[in-house]
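Have a look at the structure below before the remarks.
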Amino acid sequence: MNAVSRRDRLGGPPVRPAGTEAAVDAGVGSRLPTADEVATMRSTGTLVVRGFFSAAETAALIAWTGEVAAAPEVAGGQMVYHEDSLLEPGRRVVQRIEDFCPHHPGMDEVSRRGALSRWLAALMGGETVLFKDKINFKYPGGAGFAAHQDQAAGWTAYAPVFVTALVTIDPATISNGCLEIAAAPRVRGLIGAEWTPLPEEALGLVAVPTEPGDVIFFDSFVAHASKANLTASQRRVLYLTYNLAAEGDHRRRYFEEKRAAFPPDIERRPGESYVFRV
Ligand SMILES: O=C(O)CCC(=O)C(=O)O
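Taken in order, the sequence shown gives residues 1212 to 1489; the numbers are from the working numbering.
Given below as structure tokens:
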């Protein structure tokens, strides 16, 4: 690792500027990132911000995540993908929902405006646009994710680099499959082939447990993985990905191309097989 300690990079307690202690219910995200936080992001590609959202904001995000999950599954709507439960053979559970912002004004507001946008502009060094909105549900029995860099999923066709804000909805623990991040120095390119998982052994993955309202920012070259959830509690996270506005707004084209190549379950053609790669 470089000069930034693992504790700083992977998140100590929330850092509030002096004199703001009275603002008990203000999330850390209500201020701007400190110079140290921007430097940590620049030097490692990762920044963990504990308590980013206030208790009230977090409660709203939890309720909205439930609303997105409960919305009817319709062709042409938000993109719902299921997986086989690892705990109950034969049972299908929702793995993730993508492209929900156009259908949920509250989620759209949080994803495109407000604290996340202000932080992303500071961390990326310019105004940003939302590239992709996704909720990873990881219900009991939900599978883990093999090690990969997000950029390896064909994203270079859209922009040279992205930053994802992983917003924690339920406690994410070592036992229910929290995010694990490579503890290597910052990488600025692909370290494997596109669409191919990385061998985990060499990556030095570090588990980063988080609480509801915490945010992990990480760029699209940070290798990461997570384990299956074999516990009885769900582990939902918002996975919101951004690129610099100067590099174009690719969200619609990305989802149109994804819908065609890897359609949500309700739009799949019978008899055709679709394989999730990274
Ligand atoms: O939700 C997780 O555990 C990790 C998700 C992930 O790596 C991804 O969606 O690319």
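Where is the CB? At the ideal position from N, CA and C, for every residue including glycine.
Unbroken alpha helix (DSSP H) run spanning residue i, endpoints
{"i": "K1469", "result": "1462-1472"}
{"i": "L1243", "result": "Note, L1243: premise wrong, no alpha helix (DSSP H); not H, not E."}
Simplified DSSP assignment, three categories, for residue i
{"i": "S1322", "result": "helix"}
{"i": "A1418", "result": "strand"}
{"i": "H1314", "result": "helix"}
{"i": "I1402", "result": "coil"}
{"i": "L1390", "result": "strand"}
{"i": "Q1289", "result": "coil"}
{"i": "P1481", "result": "coil"}
{"i": "T1496", "result": "It is not possible to answer for residue 1496, since the shown part of the chain is limited to 1212 through 1489."}
{"i": "T1251", "result": "helix"}
{"i": "L1297", "result": "coil"}
{"i": "A1383", "result": "strand"}
{"i": "T1257", "result": "strand"}
{"i": "L1331", "result": "helix"}
{"i": "E1284", "result": "coil"}
{"i": "Q1490", "result": "Residue 1490 falls outside the range modelled here, since the chain spans only 1212 to 1489, and no answer is possible."}
{"i": "D1236", "result": "coil"}
{"i": "A1413", "result": "helix"}
{"i": "A1370", "result": "coil"}
{"i": "A1363", "result": "helix"}
Beta-carbon proximity list for residue i, same chain, < 7 Å, skipping 5 on both sides
{"i": "S1328", "result": "T1339"}
{"i": "G1384", "result": "The sequence given here places Thr at residue 1384; Gly does not occur at that position. Hits under 7 Å: P1420."}
{"i": "E1299", "result": "G1352"}
{"i": "A1418", "result": "I1385, C1389, E1391"}
{"i": "P1244", "result": "W1330, A1333, L1334"}
Own chain residues within Cβ distance below 6 Å of residue i, not counting five before or after
{"i": "D1361", "result": "S1431"}
{"i": "I1477", "result": "E1284, A1286"}
{"i": "V1239", "result": "P1225, V1260, G1262, F1263"}
{"i": "E1232", "result": "Annotation note: pLDDT 48 at E1232 (below 50); position unreliable, coordinate value reported separately. Within the same chain, E1232 has no close Cβ partners at all."}
Opening and closing residue of the beta strand (DSSP E) in which residue i lies
{"i": "A1436", "result": "1435-1437"}
{"i": "A1280", "result": "Here A1280 belongs to no beta strand (DSSP E); instead the alpha helix (DSSP H) covers 1266-1281."}
{"i": "T1379", "result": "1374-1379"}
{"i": "T1339", "result": "1339-1347"}
{"i": "D1430", "result": "1426-1430"}
{"i": "Q1306", "result": "1303-1309"}
{"i": "F1356", "result": "1356-1359"}
{"i": "V1448", "result": "1448-1455"}
Cβ separation of residue i and residue j, assumed to be a contact under 8 Å, to the nearest whole Å
{"i": "R1323", "j": "L1341", "result": "5 Å"}
{"i": "F1348", "j": "Q1445", "result": "7 Å"}
{"i": "E1294", "j": "V1304", "result": "6 Å"}
{"i": "Y1453", "j": "V1374", "result": "5 Å"}
{"i": "A1282", "j": "H1314", "result": "7 Å"}
Beta-carbon contacts of residue i that lie in its chain and below 8 Å, excluding the five residues immediately before and after
{"i": "T1257", "result": "R1220, L1221, T1251, I1392, I1427, F1428, F1429, D1430, V1433"}
{"i": "G1365", "result": "E1405, W1406"}
{"i": "E1485", "result": "The sequence shown places Tyr at residue 1485, not Glu. Excluding sequence neighbours, Y1485 sits near F1473, P1474, R1479."}
* Asked: Touching or not, the region 1429-1440 and the region 1264-1276, by the rule of three or more beta carbon pairs under 8 Å?
  -> At 8 Å Cβ cutoff, the stretches do not touch.
* **Three or more C-beta pairs below 8 Å linking the region 1348-1355 and the region 1387-1400** => yes
* **Inter-stretch contact at 8 Å, needing at least 3 Cβ pairs: the region 1418-1426 / the region 1372-1379** => yes
* With a cut-off of 8 Å, do at least 3 Cβ pairs link the region 1391-1409 to the region 1451-1470? -> no
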